[in-house]
Amino acid sequence: MLRNTVLVRALQVAFATAAITAATMPTAMAQSNASGTVFGKVAGGAGDTIVLKNTGTNATRSSAIDANGNFRVTSLPIGTYTATLVKGGATVGTTQLEVLAGQGVEASFDAPAVAGTTAVQTVRVAGRRSRIDVSSSNNGATFTARELEKLPIGRNVESIVQLAPNTTRGDPSYPAGASFGGGGASENAYYINGMVATNALTQLGAMELPFGAIAQAQILTGGFGVEFGRSTGGVVNITTKSGTNTWEAGAMASITPRSTRASYRDQYYSNTGAFPETDGKLYLRRQDNELQQTQASAWVGGPLIPDTLFGFVALEQTKSEADQVVGSTTSTTLNNSGFRNAETTTKRYYGKLDWNINDNHRLEFTAIGDLPKSDYDYRGYNYATRAVGSTVTSSIHQEFGPAHANGGELQSLRYVGNLTDNLTINALYGKTQSRHIYEPFGYNPALPQVSAAAANRAPGLNYVAGQKVTSTIPLSGSKDDVTSKRLDLEYKLGNHTLRAGLDNNKAVSTGAGEAYAGGSLMQYQRTTTPNQSINVSGGSLPALSQFGGLAAQGYYVRNIIYSTISNAYAGQDAQYLEDRWQVTKDVLLTAGLRREGFYNANQDNTKYIEMKNQYAPRVNASWDVNGDASFKVFGSLGRYTIQIPTMVALRGANGSTYTFQYYTYTGTDANGLPTGTTQLTEPVSNNNEYGQAKDPKTVAAQNMKPAYQDEFTIGMERAFSPNLNFGAKVTYRKLKSTIDDLCDPRPFDAYAERNNIDTSNYAGFGCATFNPGRSNEFLVDYAGNQTYTKVNLSAEELGFDKPTRTYAALDMFFEHPYRNGWYAKVNYTLSRNRGNTEGQTLSDTTSAQGDVAATQTWDFPELMVGAYGLLPNDRKHQIKAFGFYDVTPEITAGANLLLASGRPRSCSGADPTAIDSGYHYNSAAHYCFGATGEENTLSPRGTVGRLPWEKTLDLNLVYKPAYAKGLSLRVDVYNVLNDQSIQKVYEAYNDDYARVATYEMPSYFTAPRSAKFTVEYNYRFK
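Just so you know, we're using my numbering here: the sequence shown kicks off at 1171 and counts up by one.
So this is what it looks like as structure tokens:
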């Protein structure tokens, strides 16, 4: 619901005016995120005309100039244009300019308005414009293909994202995704030619396309308008290349040899002082790992029918070959699968047809394929001799599997119609599909896994696992399908440009989720106090000494069963309305309102969450201070919302299983499985996950608020001289509401007791999606017969404070436009990211929790004690500098530098105040530094210090010989200084019963130095 805040009241008048105007229009709207705008002001007025001609396709647009001399031409395909000013039928001026997606460029005619004169605005090779875009208050950066080819960056979208200010890499445990402005890695939106490409299952990243097919990449980190939604982080808006009237073709081949890659940094146990058998010793040998990568691509584009029908096709294949030690020194599977030979091949294709029906009507068809597959062969490994087994013990083939965050195929059809000079319509329809294949060979589905830390092994027993496949695995053949529709309208009325729009997405995830390979995991444990009862997940164990044998020495085992495999459904819809008002010739005010709705449905396609009215008002302003586009002051204020992915249903609404059962044992067999077991407990579950069907009415609170945040920005940009641009910006973001899951039965039991409700047939509370920190209404089936009681619980009764996440940043940049043979830009960001929740994700756990929007954060109030502090995506200082220098007409050198302060370090352990209650998880609370869990003390989030600074310098050298036009020879060196800085450490200090030997051990490092050699050839047919 839209709250009656100052933000809302400030926009009511603007929205009302725009709504009345729009009510008289057809129900359509104008999409701008895949096209650009040309605007300007000239002397004269009514009767004059501006003519824009695309130099690649000869497509022409004309627009009348109003009585005040203003003109604005929208929904232009990106590219280079010749703008012609026509007065009385005579050409009085021309200028050349480049149109960028989602941005405006001013057409300036500097020559006197006299027939026959010509003014040409210089277009720099790097695509940078001499004037500032005063028509936009968006925050972020746009990179053209010409810029990207000159910089030493990886050939993927995530590398482009990291060039923009206010972005940091997502937690390395996540397979994809970045943090924009302190947001979670799942809180971003990705578009390709206006079509949504975000991963529907997890929202972590998106599918990609051949890098050479990218024409422009717009990275929006804030302040974006109401045409964009479903993001409390940022927006990645990719616009692709199209064919022109000139046929062109090219090919590229590159190799990053094993021999040029520096040795990987080994992982060592930290010195905890509590584990002499492992402290400071080798955990995982990485220095002998090898990786070689090759890439080949080809492209061709041109006119199928000159001036009318154009095509562009690109193919790309990337192949990686890795030899890796994957088993730690204490791994129970070292003799079977301690070493891995991995071969990953990613094939990508891109095709685009552009049909200019006439100058005012255009159809675009886009097809993209992102098809990764991997083959893994596992062998034994011996740490003492470094010997690798000669026999392959098991193999895995996967496509879009766990190792591939994203991938799939996309098809979209887009229509752009300029019905009049003032009315433009856009329509888009598209689909994406991803099919996941996971085929392990040598896998016994009936053989449980085995896990046994060195300290938990009884002397003389075998703990070598017979199961060759470890961890959880997906269902082979699962798939995700998304259907998207979008319609946009733009209408110019005097000094107002009115826009309206609607879109709709429907997602289906079939056979999604994971289960333990072999059905379960046998995890061996040991307590140092066998004479005392043991508090464990889901309950407690009796003193083990009474059972004699190994149990009397503290040895026991727990069997963990986990499965979330099922179907899930989701849908989103949105409508927006916006008024761009040119208040004066130098002041532009934009006010808009976006309404979003979404639903999530369970395996039976029954909705369990539905929100119909999420209102997001936004306003921004831009002031052209000097009236010549050399100095801009801008600001924005707005609200941004985010939906939840389909995967939430897998454990939140479907019949998932996650149980623990405890045993004593007297020995182990040849497969490392326990023998002579005595059952200590029945299966127990923290969250009541026993595989039973869940009632869709009870798995989510009623009438929930949306997850949203408010954002304020203010800044300036100045074109100080032809050699210097600079600017500064302040950003403040505050999370106001979030959605996660609650797993605490106590408030519901207390409500029943307070109200004398019979619970004899009550199945108990599992988990339910809710709004943390607010009052929530739940439907509870206390009677066990689908007769529901409305249970209203306040934030105090639930035991939670309000969710908080703030991001405050000061950005400054200095830019040397491409001039005198060189270009450079330096961005500095001073920021602070604080709160008691990261958002939809939870990075500061050992492996980063993958249950997006269903993390353990809000499961029990005990977990939130000490949760406020510096969040994992906080980087206090960041310097990003990049550029290139034309050493000679044939040789160009490029550089890309990142200096970033380290990630905040936290410590997690057992909560001494909650151990007896059972409402907690091992190593999940903000308590640490006790010899046992009972002795822990509070350790607030982010108070253990910081990881070391990240210092990465990438360089390249490009040679384009004059004697072979179109040929390019290139070498890129990444991480020149070989600074393999620590990206993440194990933060679990202890659990309920013992210290953890891996505390503070590094788990991820920056990639080592490597060199890539590339040859490329382009040819333009005349």
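From the three backbone atoms N, C-alpha and C, an ideal C-beta is built for every residue, glycine too.
The beta carbons of Ala-1492 and Leu-1461 sit about 5 Å from each other, so the pair counts as a contact at 8 Å. When the five nearest sequence neighbours on each side are left out, the beta carbons in the same chain lying within less than 7 Å of the beta carbon of Lys-1662 are those of Arg-1242, Asn-1592, in order along the chain. Your pair Asn-2106 and Asp-2162 does not check out as a contact, with CB atoms roughly 10 Å apart and the cut at 8 Å. Pairing Ala-1677 with Asp-1650 gives a Cβ-Cβ distance under 8 Å. In terms of CA proximity to Ser-1490, Lys-1517 leads the group Lys-1517, Tyr-2129, Asn-1506, Thr-1699.
In the three-state reduction of the DSSP assignment, Arg-1924 falls in the helix class, which pools H, G and I.
Taking 8 Å as the upper bound for CB-CB distance, Gln-1273 and Ser-1306 are in contact here, some 6 Å apart. Within the region 1994 to 2061, the complete beta strand (DSSP E) segments of 3 residues or longer fall at 2047 to 2056, listed in chain order. Here Thr-2016 is not near Thr-2025, since their CB atoms are 8 Å or more apart. Sixteen is the threshold: since fewer than 16 other Cβ atoms of the shown chains lie within 10 Å of the Cβ of Thr-1845, the residue is exposed. Here the alpha carbons of Val-1406 and Leu-1807 stand approximately 20 Å from one another. Between the region 1828 to 1839 and the region 1727 to 1734, the count of C-beta pairs closer than 8 Å reaches three or more; the two stretches touch. For a cut-off of 8 Å, the C-beta gap from Pro-2031 to Gly-1969 is around 3 Å, short enough to register as a contact. Around the beta carbon of Thr-1265, 16 or more other beta carbons sit within 10 angstroms, so the residue counts as buried. In this structure, Met-2034 keeps its C-beta atom at 8 Å or more from the C-beta atom of Asp-2081. Counting the other Cβ atoms within 10 Å of the Cβ of Ala-1213 gives fewer than 16, which makes it exposed. The distance from the Cβ of Thr-1410 to that of Ile-1362 is about 7 Å, consistent with a contact at the 8 Å cut-off. Under the three-state reduction of DSSP output, Phe-1381 falls in the helix class.
Secondary structure of Thr-1442 (DSSP, three-state): coil. Phe-2175 carries a strand assignment under DSSP once its states are collapsed to helix, strand and coil.
The region 1742 to 1751 and the region 1685 to 1703 do not touch, with fewer than 3 CB-CB distances between them shorter than 8 Å. Three or more beta-carbon pairs drawn from the region 1534 to 1552 and the region 1508 to 1515 are found closer than 8 Å, and the two stretches are therefore classed as touching.
Sorting Ala-1786, Pro-1247, Cys-1913, Thr-1974 by C-alpha distance to the C-alpha of Phe-1948 places Cys-1913 at the top.
Each residue's CA atom was taken as its position, placing Ser-1467 and Trp-1992 some 28 Å apart. Per the coordinates, the alpha-carbon of Asp-1880 lies some 14 Å from the alpha-carbon of Phe-1350. DSSP places Ser-1690 in the coil class of the three-state scheme, outside both helix and strand.
DSSP, read as helix, strand or coil, puts Gln-1716 in helix. The beta carbon of Tyr-1952 sits closer than 8 Å to those of Ala-1922, Ile-1927, Asp-1928, Thr-1929, Asn-1931, Tyr-1932, Thr-1959, all from its chain and outside the five residues before and after it, given in chain order. For Gly-1612, the secondary structure class from DSSP, reduced to helix, strand or coil, is coil. For Thr-1430, the three-state secondary structure derived from DSSP is helix.
Met-1365 is bridged by DSSP to Ile-1362. Annotation for Ile-1330: the continuous alpha helix (DSSP H) segment containing it runs 1327 to 1331.
The DSSP assignment places 1877 to 1891, 1894 to 1907, 1910 to 1912, 1938 to 1940 as complete runs of the beta strand (DSSP E) inside the region 1863 to 1949, in order along the chain (cut-off: 3 residues).
Proximity of the region 1391 to 1398 to the region 1421 to 1438 falls short of the contact definition, fewer than three beta-carbon pairs being nearer than 8 Å.
Inter-residue distance for Asp-1981 and Val-1996 is about 11 Å (C-alpha atoms, whole angstroms). The C-alpha of Asp-1839 is placed about 14 Å away from the C-alpha of Ser-1621.
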